[in-house]
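S.K.:
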Amino acid sequence: MAHETVTGDAFENLLREKRQFAPSPEFAAAANVHEGIYAEANADPEAFWAAQARERLTWSKDFSQTLDWSDPPFAKWFVGGEVNAAYNALDRHVENGLGDRVAIHFEGEPGDTETITYADLTERVKRAANAFESLGVAKGDRVAVYLPMIPEAVVTMLACARIGAIHSVVFGGFSSEALRSRIDDAEAKLVVTADGTYRRGKPSPLKPAVDEALAEDGHTVQHVVVVRRNGQDVAWTEGRDLDWSEVMGAASAEHTAVGHDAEHPLFILYTSGTTGKPKGILHTTGGYLTQTAFTHSAVFDLKPETDVYWCTADIGWVTGHSYVAYAPLVNGATQVMYEGTPDSPHQGRWWEIVQKYKVSVLYTAPTAIRTMMKWGSDIPAKYDLSSIRVLGSVGEPINPEAWMWYREVIGGNGGRREERAPIVDTWWQTETGAIMIAPLPGITATKPGSAQVPLPGIAVDVVDEAGQPVPDGHGGFLVIRKPWPAMLRTIWGDPERFKDTYWSRFEGMYFAGDGAKKDDDGDIWLLGRVDDVMNVSGHRLSTTEIESALVSHPWVAEAAVVGAADETTGQAVVAFVILRGEASIPEGEDPAAVLRAHVGHEIGPIAKPRHILVVPELPKTRSGKIMRRLLKDVAEGRDPGDATTLADPTVMHKIAQDLRK
Ligand code: WTA
C-alpha cells in the first residue's frame, strides 16, 4: 500500500484558517448534550456506551457484558443482549402513541409526494417482513437491494432487519457487472429492485441491470421483487420475478418482531479499497444502532418532536444507511426523502424542499455545497430558509470557502439572521458505521474546514510513520485506538483481509487510510486519503478497481489511474493508458470515448474517468511500481519535478510531450 506524504500547499493554506464560531448561548442552553459529556465518556467509555445502549434502544434482553475484546480485532459489543432494529425504529414509537407522527415526507422526482407516518411505515415493514419470509428468506440470508431513493428502499432494509436477513444495498449508479459481483460475493437469495426511477424528468431504468446481472447461471438468486416506480415496460422472467405490490398485497400486516443477538449481522455494504475487489463491510446490530442513534441526537442536536431532518445521501452509501434508514427512525424523527437531483427541474429544488417542509437540520456533502455555490447565492436567496438551525457536512474535507458559504447563505438566511446555524463537519467511514469526529453544535466553537473533536467515548489520534502520536501542530495518519460500538466486525468472507487492511499498519490501532493534522489547539483537520482510494463527489472509488476495468478491455495493455484535484467534485478520475500494439481500433473511433464507456459498463457511470490520456509509457520505479505521484502532477497541470527514481527517467518527458500534441 502506498502512503504518500500528507503535506502540500493547499493543506498549509487550510491550516492558516483561524476563524472560530462559538454557539449562541441560547443554542448551547437548549442543546441535547453539554460539556460534561466528554469527561464522563472518556473517563469510562464502556460505561458510557452501555448507558447509551440502554437509554436509546429498547432491548428484548439486556446485555451482560459491554465489550468483549478478548480476540482483537474482532469485537463483540453488548454481549448477550437481544434487540430488533425494526422494532426500535418503528413499533415502539407506535406503542408509545407516536403512530401519527410523520416518519417520511417523500418528495418524488416528478413532483409526486407521499406523507408516511410511523404507523404507516410500521405496517409496510411488517407486510414486507411477511412477504420476504414467504419467499423463503430466513434469518441470516442475504438480500440484495438495488433501488432508487423511494420509501420502498427503507421498507426493504427494515424488513430485512426485522427478520434477521442481511441486506446488501448496491447503489443504483453501479453497473450490472458491479451488481453481479456483489450478489455473488454475498450469495444473495433475493434481489429487490424497481423498474427504474426518474432522472431530470425522464424515466431511467434499473431492472435491466438486474436482468443482465442474472443472465448467466451460477448465481444464488431465487426471486426478484420489482417495485413499479416509473411505469416503463420491463422484461419479466416468469417464476423468478414478482411484482412488489402483488407480493405485499398478499402478505399479512401482522408481524411480531423478535430480538436478535446484539452481534447478529445487520448489513453488508461494499466499499472500495486499495485492491480491485470491493470489500463487503459487515455491520452488526446492537453497537451499530447505539452509536448511530447517539450521534444523530448529539451531533445534529436532533429534537424529534420539532425538527424536520433531511439527509441528502442516497441509501446506496453508508450515510444513507446510518443517517436515513436507521438513526432518524430509531430516534423517532421526521425526515425528508428526495428521489431526484438538485437541479431538476431547476437549481433551486433543494431550497424549495427546505422551504416546503421547514427543514431544520440539513446533512449533505461538500461537493453539493460547492456546486450550489457555483450556481450562485441568488438562487437560495429566493427561498425562506429560516427554519434551518443545524447544518451537517460529510464525505470529504470541506474547504473553508465552501464552509463559510454554507454558513452565510444557507445557515444565515441570506445574512438577514443574527443567529447563524452551527455547522457540524462529520468525519467517519463505511467502516466506522457512525460519526467519529465532529463538533457538538451546542459546545464546540467551530472552525471552517475542520471536523475538530473526536466524539465522547471515541479514541482518535494522529500518529507518525512509527505509530507515535504527533504533537499539536503536526500531521500524520489518523488512527482509532480503542474499539467503538459501530465498528465494522469484519470483511464479509475475508477475516484475513480485515486484519491486513485495518489492523496491520500500526500495532493495536485501527488505520483509517486518512491523513490528518492536529492544530495548535489539538483539533483535528482531515487531509484526505493516503492510500489508493479516491474521493469523487464524496464517493469512494479505488484507483486499482478502475485500472482493472480498463485493462479488461482488449485494446488496453496497461493503465494507471489517479485522482486529480477538482474544484467541485473534490477529485476527478484521470486515467493514463497504454494501448496494445496489436489493438485494431476501427477508423474514426475515439479510444478514450470507448474506454470511458467501458468503465461505465464495468463499474458504473460514477467511475468513468473525466480524462483518459493515451500515453506511450508509464513512469515506473526500478522495482516496477507505477509512480502515481508523477502522474498526479501531470494531471493537475504541475511540472512533475524529480523523476530520478524512475527506471527510465525520460518517460515523463515523453508523456508531457505527448500531452502537448
Ligand atoms: C472521507 C462516508 C474529511 C475520508 C461517510 C474517509 C471525510 C472516507 C469526511 C470515507 C470529512 C468522510 N472530512 N474527509 N468530514 N467524511 N471523509 O466510506 O477520506 O464513503 O476515509 O464514508 O471519506 O468514505 P465512505
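When you line the sequence shown up against the working numbering, it's residues 34 to 694, in that order. Beta carbons are placed, not taken as given, at the ideal position from N, Cα and C, and that holds for glycine. Computed from a predicted model, the values in this text were never measured in an experiment.
1) For R232, tell me which candidate among R661, M405, L247, G205 has the shortest Cα-Cα distance.
2) Are there any heavy atoms of the ligand WTA lying less than 6 Å away from the beta-carbon of L100, as far as the coordinates show?
3) Whole alpha helix (DSSP H) runs in the region 377-452 with 4 or more residues, listed along the chain?
4) Under the criterion of a Cβ to heavy atom distance below 6 Å, does G428 qualify as lining the ligand WTA?
5) Between W350 and D153, what straight-line distance do the alpha-carbon atoms span, to the nearest angstrom?
6) Grab me the residues of D133's own chain with a C-beta within less than 8 Å of its C-beta, minus the 5 sequence neighbours each way, in chain order.
7) Using DSSP with H/G/I as helix, E/B as strand and the rest coil, what is L275?
8) Closer than 6 Å to a non-hydrogen atom of the ligand WTA - does that hold for the CB of D547?
9) Is it a yes or a no for the region 211-225 touching the region 247-260, going by three-plus beta-carbon pairs under 8 Å?
10) Distance check for E385 and L123, CA to CA, integer angstroms please.
11) Would you kindly report the start and end of the unbroken alpha helix (DSSP H) that includes H631?
12) Once the 5 residues before and after I491 are set aside, which same chain residues still bring their CB inside 6 Å of it?
13) Just list the residues that DSSP pairs W343 with in beta bridges.
14) With a cut-off of 8 Å, do at least 3 Cβ pairs link the region 104-111 to the region 319-329?
15) Closer than 6 Å: is that where the CB of Q462 sits relative to any heavy atom of the ligand WTA?
16) Determine which residues share a DSSP beta bridge with G313 and list them.
17) Got a sec, what are the start and stop residues for the beta strand (DSSP E) A64 sits in?
18) The ligand WTA heavy atoms versus the CB of L191: any closer than 6 Å?
19) Per DSSP, what are the beta-bridge partners of T459 in this structure?
20) Alpha carbon to alpha carbon, how far is R514 from L90?
21) Quick test of the definition: if touching needs 3 or more C-beta pairs under 8 Å, does the region 255-272 touch the region 171-191?
22) With a threshold of 8 Å on Cβ separation, who are the neighbours of E3 within its own chain once the five nearest residues in sequence on each side are excluded?
23) Applying the criterion that 16 or more other CB atoms from any shown protein chain within 10 Å of the CB defines a buried residue, is E142 buried or exposed?
24) Got a sec? Which residues, its chain only, sit under 6 Å from E147 by beta carbon, not counting five neighbours each side?
25) Only counting the same chain, and skipping five residues up and downstream in sequence, which positions put a Cβ closer than 6 Å to that of I412?
26) Given a threshold of 16 other Cβ atoms within 10 Å of its Cβ, counted over all protein chains shown, does V496 qualify as buried or as exposed?
27) In the region 506-587, which residue ranges form an unbroken alpha helix (DSSP H) of at least 4 residues, counting only runs that do not cross its ends?
28) Can you tell me which residues form a DSSP beta bridge with H256?
29) Do you know offhand how far A582's Cα is from T576's?
30) At what residues does the beta strand (DSSP E) containing E591 begin and finish?
31) Near A676, what residues of its chain come up, given a Cβ to Cβ distance below 7 Å and the 5 sequence neighbours on each side ignored?
32) With H, G and I counted as helix, E and B as strand and the rest as coil, what does DSSP make of S214?
33) What residue does the beta strand (DSSP E) around H644 start on, and which one ends it?
34) Would you check if the distance between the CB atom of G353 and the CB atom of P433 is smaller than 7 Å?
35) Give me whichever residues DSSP pairs with P502 in a beta bridge.
36) For a test of your reading of the model: does the CB of T304 fall under 6 Å from any non-hydrogen atom of the ligand WTA? Yes or no.
M.R.: On the basis of the data shown:
1) Ranked by how close their Cα comes to the Cα of R232, the residues R661, M405, L247, G205 have G205 in first place.
2) The beta carbon of L100 sits no closer than 6 Å to any heavy atom of the ligand WTA.
3) Taking only runs of at least 4 residues, the alpha helix (DSSP H) segments lying wholly in the region 377-452 are 382-390, 399-408, 411-414, 433-438.
4) It does: the Cβ of G428 is within 6 Å (strictly closer) of some heavy atom of the ligand WTA.
5) Those two C-alpha atoms are separated by around 25 Å.
6) Here the set comprises T150, Y151, A152.
7) Three-state DSSP puts L275 in a strand.
8) True, at least one ligand heavy atom lies under 6 Å from that Cβ.
9) Yes, the region 211-225 is in contact with the region 247-260.
10) The alpha-carbon of L123 is positioned some 29 Å away from that of E385.
11) It spans 624-635 - the alpha helix (DSSP H) in which H631 sits, taken as one unbroken run.
12) Closer than 6 Å at Cβ, skipping near neighbours: M469, W517.
13) According to DSSP, which records beta bridges pairwise, W343 is partnered with V369, L395.
14) Result yes; three or more Cβ-Cβ pairs closer than 8 Å.
15) At least one heavy atom of the ligand WTA is nearer than 6 Å to the Cβ of Q462, so yes.
16) Answer is Y303.
17) DSSP places A64 outside any beta strand (DSSP E), giving it a letter other than H or E.
18) Short note on L191: C-beta not closer than 6 Å to any heavy atom of the ligand WTA.
19) T459 is bridged to V427.
20) Roughly 26 Å separates the two Cα atoms.
21) Because the criterion of three Cβ pairs below 8 Å is met, the region 255-272 and the region 171-191 touch.
22) Lying before the first or after the last residue shown, residue 3 is absent from the chain, which here runs from 34 to 694.
23) Burial call: buried.
24) F139.
25) Counting only Cβ-Cβ distances below 6 Å, and skipping sequence neighbours, we find Q380, G381.
26) Residue environment for V496: buried (at least 16 other C-beta atoms within 10 angstroms of its C-beta).
27) You should have 528-536, 576-584.
28) Per the DSSP secondary-structure output, H256 pairs in a beta bridge with L223.
29) Distance from the CA of A582 to the CA of T576, rounded to the nearest whole angstrom, comes to 10 Å.
30) That run of the beta strand (DSSP E) goes 589-599.
31) Close CB contacts of A676 within its chain, under the 7 Å cut and outside five residues either way in sequence, are with P652, L663, P682, M685 (chain order).
32) Here S214 sits in helix by DSSP.
33) First-last of the beta strand (DSSP E) with H644: 644-647.
34) Their beta carbons are not under 7 Å apart, which means G353 does not touch P433 by this criterion.
35) P502 pairs with V496.
36) The answer is yes for T304.
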